[in-house]
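Comments concern the structure below.
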Amino acid sequence: YILLAILFIATLQSCFDLTEEVFSELDSTIYYQDEASVRAVTAIIYSSSYRQYHEDFWYLQEFSADQVNWRSWNNGLWGYSDGKRLVISTHRWTPQAELIRSAWQNAWEAIGMCNSALDDFARLNPHDLNMTQEQLDGYIAEVRTLRAWDYYRVYELWGGALPLTTTLSAEVPASVDPDFDTGCKIIYDFMINELEESLDDLADKGVNRMSKATNRILKARLLLNAEVFIKENRFAECKVLCEEILDWKYGTYKLAADYRSLFETDNHTCEEVIMAFASESQYINGGSLRTQPFLPYDFYYYCGPFDAEGQPWNSTILAPSYDNSANMYTCGQPRCFLDPPYNDKLGAVYERFHDKDIRKQNYVFDAATKKYAGIFLNGVMRKDFGTGEIMEADVERDGQDLILVDQVGPFALQCDPITRPIENVISPRWGESNSGVRLLKYPVYPSSSGLDMRDPDEVEFRLAEVYFMLAECYFREGNKTEGKKWVDEVRQRYFSAEDWLAVKDDPGRGFTDFDLDWMLSQWGMEFLSEGFRRRIDLRRFDKFTQGQ
Numbered sequence: 010y011i012l013l014a015i016l017f018i019a020t021l022q023s024c025f026d027l028t029e030e031v032f033s034e035l036d037s038t039i040y041y042q043d044e045a046s047v048r049a050v051t052a053i054i055y056s057s058s059y060r061q062y063h064e065d066f067w068y069l070q071e072f073s074a075d076q077v078n079w080r081s082w083n084n085g086l087w088g089y090s091d092g093k094r095l096v097i098s099t100h101r102w103t104p105q106a107e108l109i110r111s112a113w114q115n116a117w118e119a120i121g122m123c124n125s126a127l128d129d130f131a132r133l134n135p136h137d138l139n140m141t142q143e144q145l146d147g148y149i150a151e152v153r154t155l156r157a158w159d160y161y162r163v164y165e166l167w168g169g170a171l172p173l174t175t176t177l178s179a180e181v182p183a184s185v186d187p188d189f190d191t192g193c194k195i196i197y198d199f200m201i202n203e204l205e206e207s208l209d210d211l212a213d214k215g216v217n218r219m220s221k222a223t224n225r226i227l228k229a230r231l232l233l234n235a236e237v238f239i240k241e242n243r244f245a246e247c248k249v250l251c252e253e254i255l256d257w258k259y260g261t262y263k264l265a266a267d268y269r270s271l272f273e274t275d276n277h278t279c280e281e282v283i284m285a286f287a288s289e290s291q292y293i294n295g296g297s298l299r300t301q302p303f304l305p306y307d308f309y310y311y312c313g314p315f316d317a318e319g320q321p322w323n324s325t326i327l328a329p330s331y332d333n334s335a336n337m338y339t340c341g342q343p344r345c346f347l348d349p350p351y352n353d354k355l356g357a358v359y360e361r362f363h364d365k366d367i368r369k370q371n372y373v374f375d376a377a378t379k380k381y382a383g384i385f386l387n388g389v390m391r392k393d394f395g396t397g398e399i400m401e402a403d404v405e406r407d408g409q410d411l412i413l414v415d416q417v418g419p420f421a422l423q424c425d426p427i428t429r430p431i432e433n434v435i436s437p438r439w440g441e442s443n444s445g446v447r448l449l450k451y452p453v454y455p456s457s458s459g460l461d462m463r464d465p466d467e468v469e470f471r472l473a474e475v476y477f478m479l480a481e482c483y484f485r486e487g488n489k490t491e492g493k494k495w496v497d498e499v500r501q502r503y504f505s506a507e508d509w510l511a512v513k514d515d516p517g518r519g520f521t522d523f524d525l526d527w528m529l530s531q532w533g534m535e536f537l538s539e540g541f542r543r544r545i546d547l548r549r550f551d552k553f554t555q556g557q
């Protein structure tokens, strides 16, 4: 009996001992054994940052702007997707919007990983890992720059309402300051300081990693947008920094003569690319998300079978260039938003490209050279890269020819007696499956080519941005001639030598002068669908809520 009593008491004690013993986590002092383990932790942070960059933040920056639309069709029955993207494209979001919440959560996941890694790295002895102090300092600088970039992404959307957290804590911090403008300045100065302190320890070059040039371009973005962020004009500082980058002070780069090298499978070798997130079909990849949402259904009839995860979305289009005053299918010519009575300085994407621009053609792929040409899909869609039979449409135009139009409207319902006439300019919700020009900036390769559309790295920093930032700084100080010169350095690669002489002094349709409106339009064309439009362009030019 005594023995049973002792066993019973012992059992009670063990039953009520609720101390947690975790088997799914590894103590950092055990995990870090060599440089490879430090590199692996850093790689995980890139992976987390990439996920929030290539999807959530792209949606918020592009769908809320004037160049890329999400639209549904078939009277709203198709492509609605619970309205989570449509509310961004139509400016009807609320604080409960799913994409906004997702962007917030994913951004803090990445920032938290940076804080955790930096906390670990600060306690490491490089000698124990067979590393030098310089090597460890390089990883620390890399993560600090990456954290500044992660902060920059979320700062663009929430500004001074953000908390500022650089340590590990179980508590959720409050906004950095109750006053929004004060908070903006505190976080702005934090990012500038992080970039300055980490600069010297960064590598001179590293396409898939933070480098000195990446660090400097991120600082230049902060300076260029300082009036938006902290109500200070810092264009002069931005100009000096851009000149230093172009003088190769932070690494040797040059503009790509062939724009296609920026987005092809081996774009990590392109001399214009300064930093791109690594993408491989067998590992993390997201490059297809820059193209797949634009593709019409049955796109495989156009290019043949291609490697991708999932099917074409058929829901993302370029903002239309024409109103609905006439039906492009049958008769008449609708009015272009670049012309009277609209005279828009924004939107109308496809028609802003000059007809002689080599990008302004339907996408084709040459199996022999494994090169593509053109970045759009518009008009009659024929099989086999436009050489075969006309493809068929679906849904409301089932069985009819597939003709993509630079409009958004339910033209198939026009003859229905119970349907009201189409408004000249309507919500993007009421389109058709063929509404809108499609963009293939990152190419789609047929499987027979041996190339995979998921393999191009996703470009975030490239040298052309420095040219454009410098150009804008000149425009803002009143030197239009010098500003145009730097834009033209980039722009001329899209024309033959003969065509360039004919178009270089033509500001283009809808413009009469090389002014700031023209500069904004050039930003839009060069960085179309690269996640720039709201953050770097529309807000800085005061067009996000003021422009038509």
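Residue numbers for the sequence shown follow this note's numbering, beginning at 10 and rising by one. Note that the Cβ used here is the ideal one computed from N, Cα and C, for glycine as well.
One alpha carbon belongs to PRO419, the other to ARG80, and they sit about 12 Å apart. Here PHE272 is near PRO452, since their CB atoms are less than 9 Å apart.
Counting only runs of 4 or more residues that sit fully inside the stretch 130 to 194, the alpha helix (DSSP H) segments are 142 to 167, in chain order. Annotation: LYS380 is outside any alpha helix (DSSP H); the continuous beta strand (DSSP E) that includes it extends over 380 to 382. Bounds of the beta strand (DSSP E) holding THR325 are 325 to 327. A distance below 9 Å separates the beta carbons of LEU347 and ALA357. Across the structure, TRP322 and ASN276 are spaced so that their CA atoms are roughly 25 Å apart. Assignment of beta-bridge partners to MET284 by DSSP yields PHE470. If the five residues before and after GLY169 are omitted, its C-beta is found closer than 8 Å to the C-beta atoms of SER184, VAL185, ASP186, ASP188, PHE189, ASP190, THR191, GLY192, CYS193, LYS194, ILE195 and ILE196, all from its own chain and listed in chain order.
In chain order, GLU71 and SER538 place their CB closer than 6 Å to the CB of VAL77, counting only its own chain and leaving out the 5 sequence neighbours on each side. Per DSSP, the continuous beta strand (DSSP E) segment holding PHE374 begins and ends at 373 to 375. Scanning its chain for C-beta atoms nearer than 8 Å, with the 5 sequence neighbours on each side dropped, one finds around VAL404 the residues TRP82, ASN83, TRP87, GLU441 and SER442, in chain order. Ranking ILE53, ALA157 and ASP75 by CA distance to the CA of ASP353 puts ASP75 first. The alpha carbon of GLN409 has as its nearest neighbour, out of ARG391, GLN416 and VAL417, the alpha carbon of ARG391. In this chain, the alpha helix (DSSP H) harbouring ASN224 covers 221 to 233. If you draw a straight line from the Cα of THR175 to the Cα of ASN124, it is about 6 Å long. In the same chain as ASP146, and ignoring 5 residues on each side of it, the C-beta atoms closer than 6 Å to its own belong to ASP210, in chain order.
Its Cα nearest to that of PHE550, the residue PHE238 stands out among PHE238, ASP91, THR99 and LEU127. Under a 10 Å Cβ-count criterion, VAL499 is classified as buried, with 16 or more other Cβ atoms of the shown protein chains found around its own Cβ. For TRP532, no beta strand (DSSP E) run applies; the uninterrupted alpha helix (DSSP H) run containing it begins and ends at 525 to 535, by DSSP. Assigned with DSSP and collapsed to three states, PHE420 falls in helix. By the CB criterion at 9 Å, TYR311 and PHE394 fall inside the cutoff. Measuring C-alpha to C-alpha distances from GLY445 to each of VAL50, ALA45 and PRO329 identifies PRO329 as the nearest. Take the alpha-carbon of TYR259 and the one of TRP439: they are about 49 Å apart. Non-local beta-carbon contacts of SER46 in its own chain, meaning distances under 7 Å to residues more than five positions away in sequence, involve TYR40 in chain order. Contact check for GLU236 against GLN144 fails: the beta carbons are separated by 9 Å or more. Within the same chain, TRP322, SER324 and THR325 come within 7 Å of PRO302 by CB-CB distance, once the 5 residues on both sides are set aside. Straight across, the Cα-Cα distance linking ILE226 with GLU401 is about 46 Å.
Looking from the CA of TRP158, the closest CA among ASP464, GLU203 and PRO172 belongs to GLU203. Runs of alpha helix (DSSP H) with 4 or more residues, each lying fully within the stretch 38 to 90, are found at 44 to 60 and 67 to 71, listed in chain order. In the DSSP assignment, LEU413 forms a beta bridge with GLY388. The shortest CA-to-CA distance from TYR331 to any of VAL417, ILE431 and GLU246 is the one to VAL417.
Nearest neighbour of VAL389 by Cα position, chosen from PHE374, ASP364, ARG368 and ASP415, turns out to be ASP415. For ALA506, the enclosing alpha helix (DSSP H) begins and ends at 506 to 512.
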